[in-house]
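Positions 0 to 194 (numbering that gives the first Met the number 0) are the ones given, in order, by the sequence shown.
Please read the structure below before turning to the comments.
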Amino acid sequence: MSSTVQITIPPDIPDEKLVALLQNKATAEQAFAFLVQQQSPRLYSAIRRIVYRHDDADDILQETFIKVWKNIGTFRGNSKLSTWIYSIATNEALSHLRKEKRQRKLPLETDEYDLAAMLKSEPYFNGDELVIEFMNAIDKLPEKQKLTFELRYFEELPYNEISEITGTSVGALKANYHHATKKLHKYLGVDESLD
0 MSSTVQITIP PDIPDEKLVA LLQNKATAEQ AFAFLVQQQS PRLYSAIRRI VYRHDDADDI
60 LQETFIKVWK NIGTFRGNSK LSTWIYSIAT NEALSHLRKE KRQRKLPLET DEYDLAAMLK
120 SEPYFNGDEL VIEFMNAIDK LPEKQKLTFE LRYFEELPYN EISEITGTSV GALKANYHHA
180 TKKLHKYLGV DESLD
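This is how it looks when you write it as structure tokens:
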């Protein structure tokens with residue numbers, strides 16, 4: 000006889016209760032299925048903005064949830080559950096980019112790694128030229144500025160949460176974001192007085 004208990008999880012379940020369900024062998028599988036369904040769309044979106052390719056983002060999303068499953072027993076609630084998961088996903092995505100960069104032995108900005116061409120060739124991409132230009136500009140940012148900008152601008156995360164995800168001080172994150180927006184204005188030829 001199975002030791003699995005049937006449970007109903009409300010969509011607004013507090014972190015502590017969800018973590019308790021995830022750490023309980025009798026409810027872990029159902030709680031994990033709920034977590035994957037709840038977190039996947041936003042997490043995929045955040046990963047995709049870092050690595051761009053659908054297949055890579057999909058693989059990294061799966062790897063993220065494998066790590067969550069394996070390590071949920073060590074989660075102590077020092078941060079929000081979603082922050083902890085974002086941290087894992089961000090690290091996986093950045094590790095993927097670094098590995099890809101090493102394998103290619105060239106900077107990601109070269110013509111051999113043309114983001115615009117890559118986005119246009121993606122079957123899942125449905126953006127226009129302005130989106131490609133904007134993403135190209137973001138891609139030119141240094142890694143820390145790019146990550147800070149994406150988590151703040153696209154994911155609308157507060158600085159204190161980004162700080163927990165990246166291990167960077169709030170002051171440094173604010174500086175990263177400020178420098179990133181100035182560079183994006185310059186890359187895109189936008190008059191900063193229009194902000």
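Where a beta carbon is used, it is the ideal one built from N, C-alpha and C, also for glycine.
No experiment lies behind these values; they were computed from the predicted model shown.
- In the three-state reduction of the DSSP assignment, GLU142 falls in the helix class, which pools H, G and I.
- PRO40: member of the alpha helix (DSSP H) spanning 27–50, first to last residue.
- Under the 10 Å beta carbon count, THR63 is surrounded by 16 or more other beta carbons and is classified as buried.
- Here the alpha carbon of ASN135 sits roughly 32 angstroms from the alpha carbon of LEU34.
- For GLU154, the three-state secondary structure derived from DSSP is coil.
- Following the DSSP letters along the chain, one finds ILE65 inside the alpha helix (DSSP H) bounded by residues 53–70.
- Counting only the Cα atoms, GLN37 lies some 20 angstroms from VAL4.
- Counting the other Cβ atoms within 10 Å of the Cβ of ALA32 gives fewer than 16, which makes it exposed.
- In the DSSP annotation of this structure, the continuous segment of the alpha helix (DSSP H) that includes GLN22 starts and ends at 14–22.
- Counting the other Cβ atoms within 10 Å of the Cβ of GLU149 gives 16 or more, which makes it buried.
- Under a 10 Å Cβ-count criterion, VAL130 is classified as exposed, with fewer than 16 other Cβ atoms of the shown protein chains found around its own Cβ.
- Proximity of the segment 79–88 to the segment 156–164 meets the contact definition, three or more beta-carbon pairs being nearer than 8 angstroms.
- Between ALA171 and LEU140 the beta-carbon gap is near 15 angstroms, outside 8 angstroms, which marks them as no contact.
- For VAL4, the three-state secondary structure derived from DSSP is coil.
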